[in-house]
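**Q** Top line first, the protein sequences correspond to chains C and Z. Here the first sequence is numbered in the UniProt record's numbering, starting from 1 and rising by one per residue. Here the second sequence is numbered in the UniProt record's numbering, starting from 1 and rising by one per residue. Ideal Cβ positions, reconstructed from N, Cα and C, are used throughout, including at glycine. Just so we're clear, the structure is a prediction, and the values are computed from it rather than from any experiment. My structure is below; once you've seen it, I'll send some questions.
Protein chains: 2
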Amino acid sequence: MATMQDVARRAGVSLSTVSYALSGTRSVSAATRDRVAAAMAELGYTPNAMARGLASRRSRVLALVYPAAERGLGGTVAEFVSAAADTARENGHHLVLWPFRTNQADEVRDLVLQGMADGVLVMEVTLDDPRVATLRDAGVPFTMIGRTRDVGGLPSVDVDFERTTREAVDHLVGLGHRRIAFLNHSEATATEGYAPTFRAEEGFAAAMRSHGLEPLTRRVDESPQAGREALADVLADQPGTTALVTMNEIATFGVLAELQHRGVGVPEQMSVLAIVTSPGVADMSNPPLTTMHAPGAELGRLAVLNLLSQVSGEGSPAAGALIGCTLEPGQSVGPARDAAPASGAAQSPPRP
Amino acid sequence: MATMQDVARRAGVSLSTVSYALSGTRSVSAATRDRVAAAMAELGYTPNAMARGLASRRSRVLALVYPAAERGLGGTVAEFVSAAADTARENGHHLVLWPFRTNQADEVRDLVLQGMADGVLVMEVTLDDPRVATLRDAGVPFTMIGRTRDVGGLPSVDVDFERTTREAVDHLVGLGHRRIAFLNHSEATATEGYAPTFRAEEGFAAAMRSHGLEPLTRRVDESPQAGREALADVLADQPGTTALVTMNEIATFGVLAELQHRGVGVPEQMSVLAIVTSPGVADMSNPPLTTMHAPGAELGRLAVLNLLSQVSGEGSPAAGALIGCTLEPGQSVGPARDAAPASGAAQSPPRP
DNA sequence: CCTGTTCGTCGAAGCGCTTCGACCAAGCGC
DNA sequence: GCGCTTGGTCGAAGCGCTTCGACGAACAGG
């Protein structure tokens, strides 16, 4: 393996000049730069990351801590990871995933203190995430994906659940729907303090009340079967329901199957709006779902930029960012079945 | 940040003694070892990974290359990752995920050459995977998860599709089924050279023929809707079908929904055996699926051990390992509906 | 023509660790 | 009591890079 010293000899310059030519830290004449580049190419030089890291005290690695073993890695996370990796690369860094469980915060901290990464992105943050305290106390640079109960100025990026649920409700109310049910994540996610479950539930309730409507929410297990049962349950409780907001992809499949089974037309008799969805979900059902797509890519980009600004020690940390979901029209949402047909089909305003 | 030199001073020994006490490379008296340990604790010493890596020319990092952006990270992969991470840790290494796309082989190679990892696990290997050639030519230690078309002695671990499909067919035939259809992964996976699609298809066909039966296979898109259509298609083609082998989890949900929709009892009138499944899938349907669970954890363990044996330069590389899936009884498989009830319900042999 | 800058380059001092050879004091057999 | 091994320790030489101070040359202004 060729070293920088070899390159220097071959190019007839000093070691440090090669270093400057490579990093651009100091100006180097064009002629010298070319000779160095040629020498590097001829020798097949590859810089040594460890040596660079040791000398500069920066690994140029950002770690994404993700409990892959506990949750899988769904489409939204994939988008996030992809965008984060690209953004890191554009800024001269590498994004790596550390598959640690939520209770392995100490190991994450130690790895950063050992210099294996310059900072971490913490995914799937729960309301009372123990990892956050550990990292904060150790002085490890980090950015949360999601938010603890009390964000307290800590750097974070997250889906704007309040806004997303409000827009979902507004959209449906705008189509004349009055009885709208929300099918949330499972009770189990709530038990473990999974924040989106709570934020979306509160957001939905607030949005409904702001229209003078009564929110109906069900927490549903992540399975098609549970979705079917949840639908049955909702219809038993509130037969007049004309629209569903769902934040549970797998259960949504079950809901659609059960609706079809019961001969309830979508969207003629029941609108289904899936929020915070992964890409590609819309087309996995018939009719294609109307969705509000989670901003995975944008969150990934922002999270990395936020972390980099901390790591480089420059600029303001930009404490927190909230991104809403974007509505993507499908064919599962339509006007309420009892909406006045005269007042314009798809855009009928809510009736007072 | 305390250095090893600080520890040495505090313990009243030399730098090298601290190093030996830490690594165990040379023997150190118990008394000295205790003093060193005490000094490290008092100073809150954390070794510097970069310095260690530079001096030893080993990063103690194993990279798992996974195209997270293209595929998600399902349950099987999660099991794999979890076991691989644990095995790596048990052997003094760290497992990290590199979210590179399949066409980024050069970057993977470069990172290893730069010393960011000692070796790589390549997941989702396709029949003609370009990454394999790149890594082989660069002399980078790697182990494939999956197999290229021609393994050629390269280190790999994989699901034994031939054995799994044979056992699946044997099991069903043993229950009296004669007309068995196989619902495979999608045509799209085949187009991109996804090896399991081919190996399972061939294995199923061979197993059927060995019983003198005609294989019926359908490639099905990964969606519930596609599953429903595939079932309809199979029943139209071969109305006497009494059992399905599926290797497509999402489609399987659709199949079950459609069976229920048509009033076809599972398993009374149709057995469904899902193979190469993720954990937890069985319980996501009603009745719980009978499955053959993919050996994710075992593959993860073996893959890491294989890679470590290459990296440490010791022991034989143990070229390849194939692991079958284990049958996990559920309630979706039963005797064929036209099997002679007299000859013993569940264990009736195939009729000639 | 002299001083003050700026540009490009160099040498050397680390970064924090591993590892090799050497050394010393015991402990051993004979 | 001799040389020999052995266990425990030390000093020093790197590992391959970044970065700082210094220095000569080219060039500007006065």
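How big is the Cα-Cα spacing for Thr76 (chain C) and Leu175 (chain C)?
**A** As a first step, residue 76 (chain C) is located in the first sequence; it is residue number 76 there, counting from the start. As a first step, residue 175 (chain C) is located in the first sequence; it is residue number 175 there, counting from the start. Each residue's alpha carbon lies about 28 Å from the other.
**Q** In angstroms, rounded to a whole number, what distance separates the CA positions of Gln310 (chain Z) and Leu172 (chain Z)?
**A** Locating residue 310 (chain Z) in the second sequence gives position 310, where the first residue counts as 1. Locating residue 172 (chain Z) in the second sequence gives position 172, where the first residue counts as 1. Cα-Cα distance, rounded: 41 Å.
**Q** Leaving out the 5 sequence neighbours to the left and right, which residues in its chain are closer than 6 Å to Phe182 (chain Z) when beta-carbon positions are compared?
**A** For this step, residue 182 (chain Z) is matched to residue 182 along the second sequence. Contacts found: Phe204, Thr217, Val245.
**Q** Using a Cβ-Cβ cut-off of less than 8 Å, give me the residues of the UniProt domain "HTH lacI-type" (2 to 56) of chain C that come near chain Z, in sequence order.
**A** Thr46, Pro47, Asn48, Ala49, Met50, Ala51, Gly53, Leu54
**Q** Would Gly74 (chain Z) pass as a contact of Ser278 (chain Z) if the rule is Cβ separation under 7 Å?
**A** Reading the second sequence from its first residue, position 74 is the one you call residue 74 (chain Z). Reading the second sequence from its first residue, position 278 is the one you call residue 278 (chain Z). Yes.
**Q** Counting only runs of 3+ residues fully inside the stretch 90 to 177 of chain C, write out the beta strand (DSSP E) ranges in chain order.
**A** DSSP assignment within the stretch 90 to 177 of chain C yields the following whole beta strand (DSSP E) runs of 3 residues or more, N-terminal first: 94 to 98, 119 to 122, 142 to 145, 156 to 159.
**Q** Between the stretch 111 to 135 of chain Z and chain C, which residues of the former have CB atoms less than 8 Å from a CB of the latter, in chain order?
**A** Here the close residues are Leu111, Leu113, Gln114, Gly115, Met116.
**Q** Which residues in chain Z sit within 9 Å of His261 (chain C), going by Cβ to Cβ distance?
**A** Along the first sequence, read from residue 1 onward, the residue named residue 261 (chain C) stands at position 261. Going along chain Z in sequence order, the residues near His261 (chain C) (Cβ under 9 Å) are Ala257, Gln260, His261.
**Q** Any contact between the stretch 129 to 143 of chain Z and the stretch 92 to 112 of chain Z? By contact I mean 3 or more CB pairs, one from each, below 8 Å.
**A** yes
**Q** Would you call the stretch 267 to 284 of chain Z in contact with the stretch 87 to 100 of chain Z, where contact means no fewer than 3 C-beta pairs closer than 8 Å?
**A** The stretch 267 to 284 of chain Z vs the stretch 87 to 100 of chain Z: no contact.
**Q** Please tell me whether Leu46 (chain C) and Leu113 (chain Z) are closer than 7 Å, where the distance is taken between their beta carbons.
**A** As a position in the first sequence, residue 46 (chain C) is number 46, starting the count at 1. As a position in the second sequence, residue 113 (chain Z) is number 113, starting the count at 1. For clarity, residue 46 (chain C) is Thr in the given sequence; the question names Leu instead. Cβ atoms of Thr46 (chain C) and Leu113 (chain Z): closer than 7 Å.
**Q** Between Ser210 (chain C) and chain Z, is any beta-carbon pair separated by less than 7 Å?
**A** Position 210 of the first sequence, counted from the first residue, corresponds to residue 210 (chain C). It does not: the Cβ of Ser210 (chain C) has no partner Cβ on chain Z nearer than 7 Å.
**Q** Ends of the alpha helix (DSSP H) at His185 (chain Z)?
**A** Here residue 185 (chain Z) refers to the residue found at position 185 when the second sequence is read from its first residue. Unbroken run through His185 (chain Z): none, as it is neither H nor E.
**Q** Could you list the residues in the stretch 283 to 309 of chain Z with a C-beta less than 8 Å from some C-beta on chain C, going in chain order?
**A** Asp283, Met284, Ser285, Asn286
**Q** From Ala188 (chain Z) to Asp233 (chain Z), what does the alpha carbon distance come to, in whole angstroms?
**A** If you number the second sequence from 1, residue 188 (chain Z) lands on position 188. If you number the second sequence from 1, residue 233 (chain Z) lands on position 233. C-alpha separation (whole angstroms): 19 Å.
**Q** Is the Cβ of Pro267 (chain C) closer than 7 Å to any Cβ of chain Z?
**A** Position 267 of the first sequence holds residue 267 (chain C). Not a single CB atom of chain Z sits nearer than 7 Å to the CB of Pro267 (chain C).
**Q** In three-state terms, what does DSSP make of Arg19 (chain Z)?
**A** Residue numbering aside, residue 19 (chain Z) sits at position 19 when the second sequence is read from its first letter. The question names Arg, but residue 19 (chain Z) is Ser in the sequence shown. Reduced to three states, the DSSP call for Ser19 (chain Z) is helix.
**Q** Helix, strand or coil: how does DSSP classify Ser29 (chain C) here?
**A** On the first sequence, residue 29 (chain C) is found 29 positions in, with the first residue counted as 1. Note: Ser29 (chain C) maps to coil in three-state DSSP.
**Q** Below 7 Å on C-beta distance, what does Ala69 (chain Z) contact in chain C?
**A** Indexing the second sequence from 1 puts residue 69 (chain Z) at position 69. Residues of chain C with a Cβ closer than 7 Å to the Cβ of Ala69 (chain Z) are, in chain order, Ala78, Val81, Ser82.
**Q** Could you tell me the boundaries of the alpha helix (DSSP H) in which Glu249 (chain C) lies?
**A** By 1-based counting over the first sequence, the position of residue 249 (chain C) is 249. Where Glu249 (chain C) is concerned, the enclosing alpha helix (DSSP H) stretches over 249 to 261.
**Q** What is the rounded straight-line gap between the Cα of Met144 (chain C) and the Cα of Ala226 (chain C)?
**A** For the purposes of this step, residue 144 (chain C) is taken as residue 144 along the first sequence, with counting starting at 1. For the purposes of this step, residue 226 (chain C) is taken as residue 226 along the first sequence, with counting starting at 1. Each residue's Cα considered, the two are about 31 Å apart.
**Q** Quick one: residues in its chain with C-beta nearer than 8 Å to the C-beta of Arg109 (chain Z), no 5 flanking neighbours on either side, listed in chain order?
**A** Counting from 1 along the second sequence, the entry for residue 109 (chain Z) is found at position 109. The residues are Thr134, Leu135, Ala138, Val140.
**Q** Pair every Cβ in the stretch 206 to 222 of chain C with every Cβ in the stretch 144 to 156 of chain C, then say whether three or more of these pairs are closer than 8 Å.
**A** Because the criterion of three Cβ pairs below 8 Å is not met, the stretch 206 to 222 of chain C and the stretch 144 to 156 of chain C do not touch.
**Q** Taking 8 Å as the threshold, find out whether the stretch 325 to 340 of chain C comes into contact with the stretch 159 to 172 of chain C through three or more Cβ pairs.
**A** yes
**Q** Kindly give me the distance between the Cβ atoms of Ala8 (chain C) and Ser14 (chain C), rounded to whole angstroms, as I take these residues to be in contact under 8 Å.
**A** Taking the first sequence and counting its residues from 1, one reaches residue 8 (chain C) at position 8. Taking the first sequence and counting its residues from 1, one reaches residue 14 (chain C) at position 14. About 6 Å separates the two Cβ atoms, so the contact holds.
**Q** Apart from the five residues just before and just after Val264 (chain C), which ones in its own chain have a Cβ nearer than 6 Å to its Cβ?
**A** Locating residue 264 (chain C) in the first sequence gives position 264, counting from the first residue. Met270.
**Q** Pull up the DSSP beta-bridge partners for Arg219 (chain Z), would you.
**A** Along the second sequence, one-based indexing puts residue 219 (chain Z) at 219. Per DSSP, Z:Asn184.
**Q** Distance, Cα to Cα, Val122 (chain Z) vs Leu322 (chain C)?
**A** Counting from one through the second sequence, the residue named residue 122 (chain Z) turns up at place 122. Counting from one through the first sequence, the residue named residue 322 (chain C) turns up at place 322. Looking at the two C-alpha atoms, the distance is approximately 35 Å.
**Q** Quick one: give me the first and last residue of the beta strand (DSSP E) that Leu244 (chain Z) is part of.
**A** Numbered from its first residue, the second sequence carries residue 244 (chain Z) at position 244. Taken as a continuous stretch (DSSP letters only), the beta strand (DSSP E) holding Leu244 (chain Z) covers 243 to 246.
**Q** Residues of chain C with CB closer than 9 Å to the CB of Ser186 (chain Z), please, in chain order.
**A** The sequence position of residue 186 (chain Z) within the second sequence is 186, counting from 1. Near Ser186 (chain Z) there are no residues of chain C at all, since even the closest Cβ is about 12 Å away, more than 9 Å.
**Q** Closer than 9 Å by beta-carbon distance: list the chain Z residues that pair up with Ala85 (chain C), in chain order.
**A** Translated into positions along the first sequence, residue 85 (chain C) becomes position 85. Within 9 Å Cβ-Cβ: Ala68, Ala69, Trp98, Pro99, Phe100.
**Q** For Ala206 (chain Z) versus Leu127 (chain Z), is the C-beta spacing smaller than 7 Å?
**A** Position 206 of the second sequence, counted from the first residue, corresponds to residue 206 (chain Z). Position 127 of the second sequence, counted from the first residue, corresponds to residue 127 (chain Z). No, they are not a contact pair.
**Q** Could you give the residue range of the alpha helix (DSSP H) that holds Met208 (chain C)?
**A** Here residue 208 (chain C) is taken as the residue at index 208 of the first sequence, counted from 1. Here the alpha helix (DSSP H) through Met208 (chain C) covers 195 to 210.
**Q** Label Gly296 (chain Z) either buried or exposed according to how many other C-beta atoms from any shown protein chain fall within 10 Å of its C-beta, with 16 as the threshold for buried.
**A** Here residue 296 (chain Z) corresponds to residue number 296 of the second sequence, with the count starting at 1. Buried is the call here.
**Q** Can you list the beta strand (DSSP E) stretches of 3 or more residues lying completely in the stretch 37 to 73 of chain C, in chain order?
**A** 61 to 65
**Q** Can you give me the start and stop residues for the beta strand (DSSP E) that Val272 (chain C) sits inside?
**A** Translated into positions along the first sequence, residue 272 (chain C) becomes position 272. Residues 271 to 277.
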